[in-house]
Amino acid sequence: MLFAILILSGCSNMGWETFHEGTYKGTKYQLQSKQTTSFMSSAGGRIEWQMKLGNLKPVEFGVENTDWSPPYSTKIYGNTPFHYITDKDTVYTGKDYEPGSYAVFNTMLYLFPGAEDERNQKYYEFMRDEWKKIDEMMMKNRKPYNDFPHIIGLVFGEREKFVKRYTGKYMNETWNLTIPPDGRILFESENGGQTSAGLSLKVQMPGKKIFLRQDGLTLQELAHFTDKNKVSITKDFNIEQIASEK
85 MLFAILILSG CSNMGWETFH EGTYKGTKYQ LQSKQTTSFM SSAGGRIEWQ MKLGNLKPVE
145 FGVENTDWSP PYSTKIYGNT PFHYITDKDT VYTGKDYEPG SYAVFNTMLY LFPGAEDERN
205 QKYYEFMRDE WKKIDEMMMK NRKPYNDFPH IIGLVFGERE KFVKRYTGKY MNETWNLTIP
265 PDGRILFESE NGGQTSAGLS LKVQMPGKKI FLRQDGLTLQ ELAHFTDKNK VSITKDFNIE
325 QIASEK
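Once you know that position 42 of the sequence shown is 126 in the numbering used here, the rest is easy, because the numbers rise by one and skip nothing.
Structure, rendered in structure tokens:
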């Protein structure tokens with residue numbers, strides 16, 4: 085994620101600086117940014133963002149509370165309250181991002197519930213009323229815009245709660261199959277290896293379909309991938325076998 089929090093050894097983290105500020109209902113707010121660079125890379129690092137409303141603890145926009153796209157289905161949120169703060173860019177697409185592209189990632193922002201409910205409510209009201217103006221200002225004045233989180237809505241729940249995780253065997257090794265709310269299908273071995281194993285790169289909608297080519301996992305192998313409650317992935321998603329790519 086272009087605006088994800090980067091935690092690497094050998095990194096230099098400058099302090100937060102105010103990029104934009106204003107007033108909301110008599111309370112000062114600050115949009116802050118921070119440049120993160122790595123001594124191991126000449127790529128120039130990346131920019132992180134956070135919002136600070138009055139004396140409230142800031143909300144950072146990072147890997148723990150943002151996605152790469154809108155959710156593949158809002159049904160995954162169950163009874164957890166969620167609200168869109170715009171009527172644009174909310175449609176999920178099963179198309180994957182081109183490597184190296186400068187796509188803008190439209191994301192829900194996950195506000196952690198619990199002891200900070202009052203804080204979350206205040207940030208929700210602020211985001212609902214003010215974020216569209218800030219977003220439009222950034223889109224107009226910041227080039228490139230793609231390193232800035234294009235937040236389309238808020239979820240009153242921890243993102244991890246909506247991530248689907250399955251474990252199974254492939255090529256005599258244990259593999260983890262992860263599907264976050266943005267519909268990406270991540271297939272990784274316990275040794276850190278990655279492959280598609282014939283799986284589509286994203287969940288296809290409508291129908292919560294996962295395409296399975298005939299040059300990787302077999303349907304029987306995939307059916308044995310289960311979550312922590314021993315529920316098969318085939319119970320949560322519709323697997324559709326397709327011909328192998330030539």
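Where a beta carbon is used, it is the ideal one built from N, C-alpha and C, also for glycine.
Model, not experiment: these values are computed from the prediction.
By DSSP, does residue i sit in helix, in strand, or in coil?
{"i": "LYS206", "result": "helix"}
{"i": "TYR161", "result": "helix"}
{"i": "LYS332", "result": "This structure cannot speak to residue 332, because the chain is shown only from 85 to 330."}
{"i": "THR318", "result": "helix"}
{"i": "TRP215", "result": "helix"}
{"i": "MET255", "result": "coil"}
{"i": "GLU272", "result": "strand"}
{"i": "SER125", "result": "With a pLDDT of 45 at SER125, under the threshold of 50, the modelled position of that residue is not reliable, and the figure given next carries that caveat. It is coil, neither helix nor strand."}
{"i": "LYS224", "result": "helix"}
{"i": "SER185", "result": "The predicted position of SER185 is uncertain, since its pLDDT is 47 and thus under 50; a value taken from the coordinates is nonetheless stated next. Note: SER185 maps to coil in three-state DSSP."}
Nearest CA to the CA of residue i: which residue from the options?
{"i": "MET211", "options": "THR310, LEU283, GLN114", "result": "GLN114"}
{"i": "ASP201", "options": "TRP133, PHE189, SER280, PRO165", "result": "PRO165"}
{"i": "ASN139", "options": "TYR168, GLY146, TYR108", "result": "TYR108"}
{"i": "THR170", "options": "TRP100, ASP219, ALA281, THR302", "result": "ASP219"}
{"i": "SER280", "options": "GLN288, LEU296, GLY291, LYS292", "result": "LEU296"}
{"i": "PRO155", "options": "PHE246, GLU132, LYS217", "result": "PHE246"}
{"i": "GLN134", "options": "GLY162, THR158, SER153, HIS104", "result": "HIS104"}
{"i": "ARG268", "options": "LYS217, ASN190, GLY178", "result": "GLY178"}
{"i": "GLN288", "options": "GLY110, ILE131, SER157", "result": "SER157"}
{"i": "PHE271", "options": "GLN298, PHE309, GLY291", "result": "PHE309"}
{"i": "GLU305", "options": "GLY276, GLY252, THR120", "result": "GLY252"}
{"i": "SER153", "options": "THR258, LEU137, VAL315, VAL175", "result": "VAL175"}
Under 9 Å between the Cβ atoms of residue i and residue j?
{"i": "LYS141", "j": "ARG203", "result": "yes"}
{"i": "PRO264", "j": "ASP151", "result": "yes"}
{"i": "LYS293", "j": "PHE321", "result": "yes"}
{"i": "LEU195", "j": "GLY241", "result": "yes"}
{"i": "LEU193", "j": "GLY162", "result": "no"}
{"i": "GLY99", "j": "LYS118", "result": "yes"}
{"i": "LEU283", "j": "LEU303", "result": "no"}
{"i": "TYR250", "j": "LEU301", "result": "no"}
{"i": "TYR208", "j": "HIS234", "result": "no"}
{"i": "LYS248", "j": "ILE323", "result": "no"}
{"i": "SER273", "j": "ASP299", "result": "no"}
{"i": "GLU132", "j": "THR120", "result": "yes"}
{"i": "GLY276", "j": "GLU257", "result": "no"}
What are the boundary residues of the beta strand (DSSP E) that includes residue i?
{"i": "GLN304", "result": "From DSSP, GLN304 is part of no beta strand (DSSP E) but of the alpha helix (DSSP H) over 303–307."}
{"i": "ILE236", "result": "234–239"}
{"i": "ASP294", "result": "A small fix is needed here, since residue 294 is Ile in this sequence, not Asp. From DSSP, the beta strand (DSSP E) with ILE294 extends over 293–297."}
{"i": "MET289", "result": "First-last for MET289: undefined, no H or E at that position."}
{"i": "THR107", "result": "101–108"}
{"i": "TYR194", "result": "190–194"}
{"i": "TYR156", "result": "No beta strand (DSSP E) contains TYR156, which DSSP labels as neither H nor E."}
To which residues does DSSP link residue i through a beta bridge?
{"i": "GLN119", "result": "ILE131"}
{"i": "THR177", "result": "None; THR177 has no bridge partner."}
{"i": "VAL147", "result": "Answer is none; VAL147 lacks a bridge partner."}
{"i": "LEU261", "result": "TYR250, PHE271"}
{"i": "LEU140", "result": "None; LEU140 has no bridge partner."}
{"i": "ILE323", "result": "ILE294"}
{"i": "THR310", "result": "THR251, SER316"}
{"i": "THR279", "result": "Beta-bridge pairing links THR279 to no other residue."}
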